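Just so we're aligned, residue 0 is where the sequence shown starts under numbering that gives the first Met the number 0, counting upward by one.
Virtual Cβ for every residue (Gly too), placed ideally from N, Cα, C.
Every value quoted in this text rests on a predicted model; they were computed, and no experiment measured them.
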Amino acid sequence: MRPTGTPLSRRCFVFTDHWANWSLCKTACVLAIGILDEVSAQYDHAVADAKFGAGNGSVAHAVPSLCTDADGYDLGQRQERGRGSGTHRAGHGAAGRDLRVARNQGCDLYRYDSKRFLKAARYVAAYPLGNDVPFPTYTLRAAGRPVRGTLRPPSSPPHAGRPVRCGRCSTTKTADCCP
């Protein structure tokens, strides 16, 4: 798998001219090939990119805005927020997939950068439930509304089960995440 998949996927780590979702798919590819082929340098490269990368799939670029809602909860607005709830949640699901793969290998990126991803999980969960969320302008000027109020599978995997494992319950108001 390495001769074909790795070079193509690695090239996309440096680009910032596409949405985070695309970078996250490339990260998944490099993580999977590194694990499958037992090439720790490749896996380490994907994890380092998730932490420090210049592309839009890195944690800081995928969740560029941190804010607080009216109830005082810390939230993280994902880069793709204005594209529509479906795309926004799909991107969060893709990030959650990558973080779960890393965690299964012993690297907990859920807590990386002051729990930035978990703050985004709370934001992602709050909006479809009908709660108002702050919308710091990124590239787009308003939160996408086409599928607000619908439940889609990618919105649940990143935080589903996590509060239970930590001895906490999720609420319908927000997605409570582990401390």
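Boundaries around ASP73 are those of the beta strand (DSSP E), 73 to 76, since no alpha helix (DSSP H) includes it. If only complete runs of 3 or more residues are kept, the segment 62 to 138 shows the beta strand (DSSP E) at 64 to 67 and 73 to 76, in order along the chain.
Assignment of ALA40 by DSSP, reduced to helix, strand and coil, places it in the helix class.
Taking ASP112 as the centre and dropping the five residues before and after it, the same chain places the C-beta of VAL58 and ALA59 closer than 7 Å to its C-beta, in chain order. In the structure shown, the three-state DSSP call for SER57 is coil. In the three-state reduction of the DSSP assignment, TRP18 falls in the coil class. ALA94 places its beta carbon less than 9 Å from that of ALA61. Cβ neighbours of GLY75 within its own chain (closer than 6 Å, five residues either side excluded): VAL62, LEU65, ARG115, LYS118, ALA119 and TYR122. Pairing ASP43 with GLY33 gives a Cβ-Cβ distance under 9 Å. Nearest to SER39 by alpha-carbon distance, out of GLY129, LEU23, HIS17 and GLN104, is GLN104. Counting C-beta atoms within 10 angstroms of its own C-beta, LEU108 has 16 or more neighbours from the protein chains shown and is therefore classed as buried. Around the beta-carbon of HIS87, 16 or more other beta-carbon atoms lie within 10 Å, marking it buried. The DSSP-derived three-state label of GLY52 is coil. For the options GLY85, ALA53 and HIS17, the alpha carbon positioned closest to that of ALA124 is the one of GLY85. In this model, HIS17 and THR26 are separated by some 14 Å (Cα to Cα).
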